[in-house]
Every structure is written in C-alpha cells, then in structure tokens.
Amino acid sequence: MTEKYYPEERLQEISDNIKRVRETVAQAAIRAGRDPAEVRLMAVTKTVAAAEINHAISCGIDLIGENKVQEFLSKKPQLQLSGVETHMIGHLQTNKVKDILGQVDVIQSVDSLRLAQALSKRAQAQNIPCKVLLEVNIAGEESKFGFCPQDVRAAAQEIANLPGMQVRGLMTVAPMLAKKSEVCTFFINMQRLFIDIRAEKMDNITMDILSMGMSDDFSEAIAAGSTLVRLGSAIFGIRQYR
Ligand SMILES: *Cc1c(COP(=O)(O)O)cnc(C)c1O
39 MTEKYYPEER LQEISDNIKR VRETVAQAAI RAGRDPAEVR LMAVTKTVAA AEINHAISCG
99 IDLIGENKVQ EFLSKKPQLQ LSGVETHMIG HLQTNKVKDI LGQVDVIQSV DSLRLAQALS
159 KRAQAQNIPC KVLLEVNIAG EESKFGFCPQ DVRAAAQEIA NLPGMQVRGL MTVAPMLAKK
219 SEVCTFFINM QRLFIDIRAE KMDNITMDIL SMGMSDDFSE AIAAGSTLVR LGSAIFGIRQ
279 YR
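With the first letter of the sequence shown counted as 1, position 64 gets the number 102 in our numbering; the numbers rise by one all the way through.
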C-alpha cells in the first residue's frame, strides 16, 4: 500500500539523506572538539506524510518535531512512535493547549508567560508534567515569537515556579536571511545565555537542551554548543506545502 504512493526511490532518498546528515553532524561535532553523541538529531516532519515519517523512524530517527497541533494530531495515529520522542516546535496558541498537552514529550516553543501559565493550568488539571524549552528571539526580530534575550533569565525562573512545569532548556530559530558570520554570533549569544542560566542552578530548572540549528545552519549551531539540531529539508527534501 505504502509503495503505491511512496516509490522505492523516494524512501531511498530519505535513507540516504539521514545517513549523510548523521555524518555531517558528527563531523561538525568533532571539528568543534565535541563528542558527536552530545548532539541529538531531530527530524522535522511538517508537511511530511506519515509513511515517509515511518520510513525515517525505521532508519533510526528517534526524535521528531512538528509545528502545528492539528497536523500532528491527525498524523499521529498512523505513526509508529514506539521508542520515538515527539516535540512541538511551532508557535502554540493558548486555545490549543488543551489539545496538545500529554500528546508530545516536550514543547520547545514556549514564547510567552501567558502560554506558560495556560500550560501550567492544564498540566495541573490533568496531572501531567509539562517539559518545556523557552524560545528565544535571539536577533530581536520584529516578526518573530520568543523571549528577548534580556528577559530569558527572569522568564525561566518564573516559569519554573509554575506548578507542573519543568524547564529543560532553550530553543531558537536564527534569522532567515542573515550572513553566516551573523548567525554564528547569534548562536554564541544563545550558548552564553544557556550556560549562564545553567550555572545559576535555579530550582526546577534542568538546563540540558540547547535546541538550535536547522538544515542551513546546523554546523554553526553545533560549533556553538547546540545539543539538538532540527532538520527538515536536509532529511525530507524541499517541503511541498499542500
Ligand atoms: C521547519 C522548521 C525547522 C526545519 O527547517 P529546515 O530548514 O527544513 O531544516 C526547524 N525548526 C523549526 C522551528 C521549524 O519550523
């Protein structure tokens, strides 16, 4: 059945891409003097069909990221998720909180106190702990969601104090059209924030995930200490928005 819609070549392309990005990720880690095992590889699956995602999982992908609640929930029953972690990485509206809590392992895109409060309320009501990353608008872009760098520390403390919430780290998306050298600076600024907050050892904050780096900039992110790279097009090819 799957073969009908996903010819062997398409699945082979995904397998080849995964093999290649794994090698590139490992090389970037080694170049940065890091252990490749410190960098987790996430397959970003927005717009990708369930059969293709399942193929990636069969190739050893054990972490997937989705942007939209509805898209994820509609694909989820078809996914073979045993042993696979799922993260929400897209902007989350507070009215979707009730649908997503308990459906993913980590919400990486906590970008406001208001959203964190809504998650906490729901986490308490359902008695489900809510693991989150704080999304940082590292370049201060007008159009982007996320905490300003100077607000992250206080926000982390405040969110960690909300019942049911577990702060696990930080996430960022680098500006799309920035030069490589600028992107490197933004990633290094993220690394500094991450290390500073971790060093404070605040209650209920475990700073173990620094989620940064996408298909076009993951080597730079790994050089700046990323522990989780989020790759979509490098694994699945150019996205076809339907
Ligand atoms: C789409 C997306 C990615 C992956 O983007 P690629 O450039 O295709 O690797 C990573 N992170 C977030 C938040 C995304 O929305």
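Think of the CB as a built atom: it goes at the ideal place given N, C-alpha and C, for glycine as much as any other residue.
Just so you know, these numbers come straight off a predicted model, no measurement behind them.
Margin query: Given this structure, state the Cα-to-Cα distance separating S96 from T85, to the nearest angstrom.
Written below: Sequence index remark: in the sequence shown, residue 96 carries index 58 (1-based). Sequence index remark: in the sequence shown, residue 85 carries index 47 (1-based). Rounded to the nearest whole angstrom, the CA to CA distance from S96 to T85 is 19 Å.
Notebook entry, point to check: Which residues does DSSP pair with H125 in a beta bridge?
Noted result: Start at 1 with the first residue of the sequence shown, and residue 125 comes out as number 87. Under DSSP, H125 shares a beta bridge with G103 and V144.
Notebook entry, point to check: To which residues does DSSP link G275 through a beta bridge?
Noted result: Position 237 of the sequence shown, counting from 1, holds the residue named residue 275. DSSP lists no partner for G275.
Note to self: What residue range does the beta strand (DSSP E) around I243 cover?
What the structure shows: Residue mapping note: residue 243 aligns to position 205 of the sequence shown, counting from 1. Taken as a continuous stretch (DSSP letters only), the beta strand (DSSP E) holding I243 covers I243 to S249.
Check: K159 lies in the beta strand (DSSP E); which residues open and close that run?
Finding: Reading the sequence shown from its first residue, position 121 is the one you call residue 159. For K159, no beta strand (DSSP E) encloses it; the enclosing alpha helix (DSSP H) starts and ends at L151 to Q164.
Item checked: Alpha carbon of S253 to alpha carbon of H129, nearest angstrom -> Here residue 253 is taken as the residue at index 215 of the sequence shown, counted from 1. Here residue 129 is taken as the residue at index 91 of the sequence shown, counted from 1. Approximately 19 Å between the Cα atoms of the pair.
Check: Is it right to say R160 is buried, meaning 16 or more other beta carbons lie within 10 angstroms of its own, or is it exposed?
Finding: As a first step, residue 160 is located in the sequence shown; it is residue number 122 there, counting from the start. Result: buried.
Next item on the list: Report all residues from its chain with a CB closer than 7 Å to the CB of G202; omit the five preceding and five following residues, and keep chain order.
Entry: Translated into the one-based positions of the sequence shown, residue 202 becomes position 164. Excluding positions up to five away in sequence, the list reads S158, A161, Q162, P167 and C168.
Note to self: Given this structure, state the Cα-to-Cα distance separating A216 from D255, to the nearest angstrom.
What the structure shows: For the purposes of this step, residue 216 is taken as the residue at position 178 of the sequence shown. For the purposes of this step, residue 255 is taken as the residue at position 217 of the sequence shown. About 11 Å.
Next item on the list: Rounded to whole angstroms, what's the CA-CA distance from A156 to E47? Just pull it up for me.
Entry: Position 118 of the sequence shown, counting from 1, holds the residue named residue 156. Position 9 of the sequence shown, counting from 1, holds the residue named residue 47. In a straight line, the C-alpha of A156 is about 44 Å away from that of E47.
Item checked: beta-carbon G251 near ligand 1 non-hydrogen atom, thresh 6 Å -> In the sequence shown, residue 251 corresponds to position 213, counting from 1. Taking 6 Å as the cut-off, the C-beta of G251 does not count as close to any heavy atom of ligand 1.
Notebook entry, point to check: Which whole-angstrom value describes the C-beta separation of D149 and E123, a residue pair presumed to lie in contact below a C-beta threshold of 8 Å?
Noted result: As a position in the sequence shown, residue 149 is number 111, starting the count at 1. As a position in the sequence shown, residue 123 is number 85, starting the count at 1. Not quite, the Cβ-Cβ distance comes to about 21 Å (not below 8 Å), so this is no contact.
Check: DSSP three-state call for Q118: helix, strand or coil?
Finding: Within the sequence shown, residue 118 is the residue found at index 80, counting from 1. Coil at Q118, not helix or strand.
Check: So does V211 have its beta carbon nearer than 6 Å to some heavy atom of ligand 1?
Finding: On the sequence shown, position 173 is the one that residue 211 refers to. True, at least one ligand heavy atom lies under 6 Å from that Cβ.
Next item on the list: Measure the Cβ-Cβ separation of H125 and Q146 and say whether it is below 7 Å.
Entry: Along the sequence shown, read from residue 1 onward, the residue named residue 125 stands at position 87. Along the sequence shown, read from residue 1 onward, the residue named residue 146 stands at position 108. Taking the C-beta atoms as reference points, Q146 is found nearer than 7 Å to H125.
Next item on the list: Could you tell me the boundaries of the alpha helix (DSSP H) in which E173 lies?
Entry: As a first step, residue 173 must be located in the sequence shown, where it is residue number 135. Element bounds for E173: not the alpha helix (DSSP H) but the beta strand (DSSP E), C168 to V174.
Notebook entry, point to check: Is any heavy atom of ligand 1 found at a distance shorter than 6 Å from the C-beta of G184?
Noted result: Taking the first residue of the sequence shown as 1, we reach residue 184 at position 146. Result no, Cβ not under 6 Å from ligand 1.
Checklist line | Rounded C-alpha distance that separates M209 from L153 | finding: Here residue 209 corresponds to residue number 171 of the sequence shown, with the count starting at 1. Here residue 153 corresponds to residue number 115 of the sequence shown, with the count starting at 1. Spanning the alpha carbons of M209 and L153 requires a straight line of approximately 15 Å.
Notebook entry, point to check: For R60, which option in A272, Q131 and Q164 has the closest C-alpha, if you only look at C-alpha atoms?
Noted result: Position 22 of the sequence shown, counted from the first residue, corresponds to residue 60. Of the listed residues, the one whose Cα sits closest to R60 is A272.
Checklist line | Unbroken alpha helix (DSSP H) run spanning Q50, endpoints | finding: As a position in the sequence shown, residue 50 is number 12, starting the count at 1. Element bounds for Q50: E46 to R69.
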